[in-house]
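>
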Amino acid sequence: MHASSMENMVKLYNNYLDPVFADGLDSVRVLDVGGARINGSYRDVFGPGVTYMAADLSAGEGVDIVLDDPYRIPVPDGSFDVVLSGQMFEHCEFFWLAFQEMMRVVNDRGVVCLIAPSGGPIHRYPVDCYRFYPDSYAALARYAGCHLEASWLDERGPWYDLVGVFRKQAPDAAPRPGLRVDGPHRRSRRPALAIAAPADPAPSSIAADSPDQEATSGIEDSVATLGRIHAAIRPELYVEIGVGHGRSLALASRPAIGIDPDMQPSGLGPHVALYHETSDEFFERHATEAIGRPIDLAFIDGLHLFEFALRDFMNLERRASRRGLVVIDGVFPNDATQGSRHRTTRTWCGDVWRIVPCLQEARPDLLLLPLDCAPAGMLLVAGLNPEDRTLWDQYNPIVRRHLLQAPDAPPPQAVLDRTGALAPSHPLVVGLLEGLGGCGEPESIRGLVESTRMRCRERTGP
1482 MHASSMENMV KLYNNYLDPV FADGLDSVRV LDVGGARING SYRDVFGPGV TYMAADLSAG
1542 EGVDIVLDDP YRIPVPDGSF DVVLSGQMFE HCEFFWLAFQ EMMRVVNDRG VVCLIAPSGG
1602 PIHRYPVDCY RFYPDSYAAL ARYAGCHLEA SWLDERGPWY DLVGVFRKQA PDAAPRPGLR
1662 VDGPHRRSRR PALAIAAPAD PAPSSIAADS PDQEATSGIE DSVATLGRIH AAIRPELYVE
1722 IGVGHGRSLA LASRPAIGID PDMQPSGLGP HVALYHETSD EFFERHATEA IGRPIDLAFI
1782 DGLHLFEFAL RDFMNLERRA SRRGLVVIDG VFPNDATQGS RHRTTRTWCG DVWRIVPCLQ
1842 EARPDLLLLP LDCAPAGMLL VAGLNPEDRT LWDQYNPIVR RHLLQAPDAP PPQAVLDRTG
1902 ALAPSHPLVV GLLEGLGGCG EPESIRGLVE STRMRCRERT GP
């Protein structure tokens, strides 16, 4: 199981299963074909309440049905509401026969969901036979006499998953992505986590028991620091992910975009466009029309988890100007509990701290300046290159290395100590910001970034 596969299954769950859940969770039956738990399971996406069964060729963790014949599932026609497969298709010698059997065991109202790679290295379990291009799902639907409702090709490597939604016949009115079932059985939307987990508690429900765990520190407030950045750069377009009550978004005096599914801002001018949705949804549905010029300044303060911050950075960089700056909030938790993926404190920044070593390793061309501001530090990222595809092409190996191999690892002591953090008024910071505000030509921007990088090395040593 790789990260983008889990994230695509969350997208399927959120956007295409409404008719299946119309009668409530308790009545829903799900079959995962090739669903042995290997580095994760889609079972975690569906959560409690549904009847979830996994079929595979041999017994193993999470396997409920052991198949004697890979092309015959030993259940009556129409036994399941959802049939899915995301770890099997490339390994199935006669995948069209397996798909035909999946269509047999789904009921007339049900959905078949497929995730299969269009690229990536050979990985035999026990064989690796195929890669799937966009036209293949349309051909598969014609072969099985069913309806292909939706499909998309994920840009993230090395697997570049092809995702498809199939029904036995075209619905009278296909549900639009994002619609939810009303009433007592309404489902909550799932965040697109690389590792599925229960929802975190609301901050108001957490008792502030430990002063150490709720501590904050910093030379100045992060909003004041962001104000310095706005004043120096004078962005023609500002994008903010994670708006909350709008304190930082109110700093924008020119065209700005705010993205947050649960924001409650007030007092913002007509130059600010608000999108009440997740950043993943915004970049998929609205970014092309909403972002009419390159982004000069962006602030990431969304869901405080590593893979979300990484995806936000990837989407922002490809739409940024060469003089652009991305600011990432919360890279310095004040206590190990604040830097955990699972929220137990009111003051919480999750594992966004992982983004620093990630970018240092994967993108050494970027300039990273960590700042000592309250409550939990910031990271300035300059030297942006909208054409660079490193993070896109290596997304899954990057997430595996920096998250999946040790998801519960605490932040290192150097992170808690804010080793290497600069004051927001440090000459290196001021010089970079003033330079970005005055730069126009790519050569001058590259020179500014390289000279700042050299001064940073002189400050810290080899």
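The numbering of the sequence shown is our numbering, which starts it at 1482 and goes up by one.
Yeah, the Cβ is synthetic: ideal placement off N, Cα and C, and Gly gets one too.
Which partner residues of I1546 appear in the DSSP bridge assignment?
For I1546, which the question treats as bridged, DSSP gives the partners A1536.
> Whether or not the stretch 1820-1835 and the stretch 1885-1897 are in contact is what I'm after, with contact meaning three or more pairs of Cβ atoms, one per stretch, closer than 8 Å; do they touch?
Yes, the stretch 1885-1897 touches the stretch 1820-1835.
> By how many angstroms is the C-alpha of Q1875 removed from the C-alpha of R1524?
Approximately 26 Å, taken between the alpha carbons.
> Let me see if you follow: with CB-CB separation under 7 Å, is G1530 close to chain B or not?
Checking the listed chains, one finds no chain B in this structure; it contains a single protein chain.
> For L1634 versus L1621, is the C-beta distance shorter than 7 Å?
In this structure, L1621 does not lie closer than 7 Å to L1634 by Cβ.
> Going by DSSP in three states, H1757 sits in which element: helix, strand or coil?
H1757 falls in the coil class under three-state DSSP.
> If you count every other CB in all the chains shown that lies within 10 Å of the CB of R1844, and 16 or more means buried, which is it?
The residue in question, R1844, is buried, as its Cβ has 16 or more Cβ neighbours within 10 Å.
> Looking only at DSSP bridge pairs, what is W1633 linked to?
Note: W1633 sits in a beta bridge opposite V1644.
> Where does the unbroken alpha helix (DSSP H) through R1623 begin, and where does it stop?
P1615 to A1625 is the span of the alpha helix (DSSP H), which, as asked, contains R1623.
> For the stretch 1849-1862 against the stretch 1892-1909, are there 3 or more C-beta pairs whose distance is under 8 Å?
The stretch 1849-1862 vs the stretch 1892-1909: in contact.
> Counting only the same chain and skipping the five closest in sequence on each side, list residues whose C-beta sits under 8 Å from that of Y1641.
P1598, S1599, G1600, G1601, L1634 and D1635, listed in sequence order.
> At the level of alpha carbons, what is the spacing between N1866 and L1885?
Approximately 27 Å between the Cα atoms of the pair.
> Mind checking which residues open and close the alpha helix (DSSP H) that includes R1524?
Where R1524 is concerned, the enclosing alpha helix (DSSP H) stretches over R1524 to F1527.
> Per DSSP, Y1494 forms a beta bridge with which residues?
Y1494 pairs with nothing; no bridge assigned.
> Could you pull out every unbroken beta strand (DSSP E) segment of at least 3 residues lying fully inside the stretch 1780-1865, listed in chain order?
Whole beta strand (DSSP E) segments, 3+ residues: 1801-1810, 1848-1852 and 1859-1863.
> Report yes if the C-beta distance between S1760 and D1782 is below 7 Å; otherwise report no.
Contact: no.
> To the nearest angstrom, report how far apart V1911 and A1712 are at their CA atoms.
Looking at the two C-alpha atoms, the distance is approximately 11 Å.
> Rounded to a whole number of angstroms, what is the C-alpha to C-alpha distance between R1585 and Q1841?
R1585 and Q1841: Cα-Cα distance of roughly 49 Å.
> Using 6 Å as the cut-off, classify the Cβ of W1873 as near or not near the heavy atoms of the ligand PLP, replying yes or no.
Ligands displayed in this structure: none; no statement on the ligand PLP is therefore possible.
> Could you spell out where the alpha helix (DSSP H) holding F1561 opens and where it closes?
That residue, F1561, is in no alpha helix (DSSP H); its beta strand (DSSP E) goes F1561 to S1566.
> Is DSSP giving A1737 helix, strand or coil here?
A1737 falls in the strand class under three-state DSSP.
> By how many angstroms is the C-alpha of G1541 removed from the C-alpha of F1502?
Roughly 29 Å separates the two Cα atoms.
> Tell me L1595's beta-bridge partners as DSSP assigns them.
Beta-bridge pairing links L1595 to S1566 and G1645.
> Please report the distance separating the alpha-carbon of Q1568 from that of L1786.
Cα-Cα distance, rounded: 25 Å.
> For I1776, write down the residues that DSSP places opposite it in a beta bridge.
In DSSP, I1776 forms a bridge with A1801.
> Does the contact criterion of 3 or more C-beta pairs under 8 Å hold for the stretch 1622-1629 versus the stretch 1576-1591?
As far as the Cβ criterion goes, the stretch 1622-1629 touches the stretch 1576-1591, which means the pair count is three or higher.
> From what residue to what residue does the alpha helix (DSSP H) around V1586 run?
Segment F1576 to V1586, the alpha helix (DSSP H) holding V1586.
> Please classify H1628: does DSSP put it in a helix, a strand, or coil?
Three-state result, H1628: strand.
> Check each candidate in R1612, P1716 and S1932 and name the one with the smallest Cα separation from I1603.
For the residues R1612, P1716 and S1932, the minimum Cα distance to I1603 belongs to R1612.
> Name the residue from E1488, Y1497, L1917 and E1571 whose alpha carbon lies nearest to the alpha carbon of G1805.
With distances taken between Cα atoms, G1805 lies closest to L1917.
> Can you list, in chain order, the residues of its chain with a C-beta nearer than 8 Å to that of H1666? Leave out the 5 residues immediately preceding and following it.
Reliability fails at H1666, whose pLDDT of 39 lies under 50, so the model's placement of it is uncertain and no value is given.
> Please list the terminal residues of the continuous beta strand (DSSP E) segment that includes L1506.
Note, L1506: premise wrong, no beta strand (DSSP E); not H, not E.
> Which runs of the alpha helix (DSSP H), 4 residues or longer, sit entirely within the stretch 1894-1926?
Counting whole runs of 4 or more residues, the stretch 1894-1926 contains the alpha helix (DSSP H) stretches 1894-1897 and 1908-1919.
> If you draw a straight line from the C-alpha of S1560 to the C-alpha of K1492, how long is it?
Roughly 24 Å separates the two Cα atoms.
> Touch check for the stretch 1774-1781 and the stretch 1803-1819: three-plus C-beta pairs under 8 Å?
At 8 Å Cβ cutoff, the stretches touch.
> Count the other C-beta atoms from every protein chain shown that fall within 10 angstroms of the C-beta of V1704, then say buried if there are 16 or more, exposed otherwise.
Classification for V1704: exposed.
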